[in-house]
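*Asks:* Please read through the structure below; I'll follow up with questions.
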Amino acid sequence: MAKTTFWTVIEKTLDKAGTPLSAKEIWDKANEWGTLGDFKTSGKTPWATISAYCYTDINNNGDNSKIIQTSERPAQFFLRRLVNQANLTNLQKLKNEEIARGEKRKEKKFNERDLHPLLVAFAYSNTHFRANLKTVFHENSARAV
Numbered sequence: 005m006a007k008t009t010f011w012t013v014i015e016k017t018l019d020k021a022g023t024p025l026s027a028k029e030i031w032d033k034a035n036e037w038g039t040l041g042d043f044k045t046s047g048k049t050p051w052a053t054i055s056a057y058c059y060t061d062i063n064n065n066g067d068n069s070k071i072i073q074t075s076e077r078p079a080q081f082f083l084r085r086l087v088n089q090a091n092l093t094n095l096q097k098l099k100n101e102e103i104a105r106g107e108k109r110k111e112k113k114f115n116e117r118d119l120h121p122l123l124v125a126f127a128y129s130n131t132h133f134r135a136n137l138k139t140v141f142h143e144n145s146a147r148a149v
């Protein structure tokens, strides 16, 4: 039986997913689905190695590469042979909508001014700090960002 390599992990995972994935997502899905098989790596960041393999293939082989980059930030990769089968623009729109929904959930649910009394109490009561904090109103500040 052939030894499992990063290339086989990348190809099997992207083939099974059917959508563009980032390097981290490729590694996570490979672990989740068991496409790693007997593959072992001693590195601490195998997703960085996956990313390097993809970029190297794109740079060295150009239009003949196995992998294409479908988006930047986050960089997502897909198999060139599956581009015709999958409607890539619709997949990207769906993925961007999922990301947008995720970002909406991450919005702050508090105001800094509401947390200020808690911060002051902590900074003053902690024996390490024993500090008196001053309130700065950022809304009225000339240096407001």
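Heads up: the sequence shown runs through residues 5 to 149, numbered per our numbering. All C-beta atoms in this analysis are idealised placements derived from N, C-alpha and C, irrespective of residue type, glycine included.
Comparing alpha-carbon positions, which option in TYR128, ASN63, ALA79, ALA34 lies nearest THR8?
*Replies:* Checking every option, the nearest Cα to that of THR8 belongs to ALA34.
*Asks:* For LEU40, name the three-state secondary structure that DSSP assigns.
*Replies:* Reduced to three states, the DSSP call for LEU40 is coil.
*Asks:* Output needed for VAL124: all residues of its chain with C-beta closer than 6 angstroms, excluding positions within five of it in sequence on either side, in chain order.
*Replies:* Around VAL124: LEU137.
*Asks:* Count the other CB atoms, across all protein chains shown, that sit within 10 Å of the CB of TYR57; report buried if there are 16 or more and exposed otherwise.
*Replies:* Flag for TYR57 reads buried.
*Asks:* Look at the alpha carbon of THR23 and the alpha carbon of PHE82, and state the distance between them as a whole number of angstroms.
*Replies:* So the two alpha carbons sit approximately 7 angstroms from each other.
*Asks:* Can you give the Cα-Cα distance for ALA21 and THR39, rounded to whole angstroms?
*Replies:* Distance between the alpha carbons of ALA21 and THR39 is about 11 angstroms.
*Asks:* Could you have a look at PHE81 and say whether DSSP puts it in helix, strand or coil?
*Replies:* Reduced to three states, the DSSP call for PHE81 is strand.
*Asks:* What are the residues that DSSP puts in a beta bridge with LEU122?
*Replies:* Per DSSP, none; premise fails for LEU122.
*Asks:* My assumption, with CB atoms under 8 angstroms, is that SER26 sits in contact with ALA79. Please give the rounded CB distance.
*Replies:* Confirmed, Cβ separation roughly 6 angstroms.
*Asks:* Measure the Cβ-Cβ separation of ASP61 and LYS70 and say whether it is below 8 angstroms.
*Replies:* Going by C-beta atoms, ASP61 is nearer than 8 angstroms to LYS70.
*Asks:* Indicate the three-state DSSP secondary structure (helix, strand or coil) for THR139 in the structure shown.
*Replies:* Three-state result, THR139: coil.
*Asks:* Can you tell me which of the three DSSP states SER55 falls into?
*Replies:* Three-state result, SER55: helix.
*Asks:* To which residues of the same chain is HIS120 closer than 7 angstroms at the C-beta, ignoring the five residues directly before and after it?
*Replies:* Excluding positions up to five away in sequence, the list reads THR139.
*Asks:* By DSSP's criteria, SER152 is part of a beta bridge. Which residues make up the other side?
*Replies:* For residue 152 there is no data in the structure shown, the boundaries of the chain being 5 and 149.
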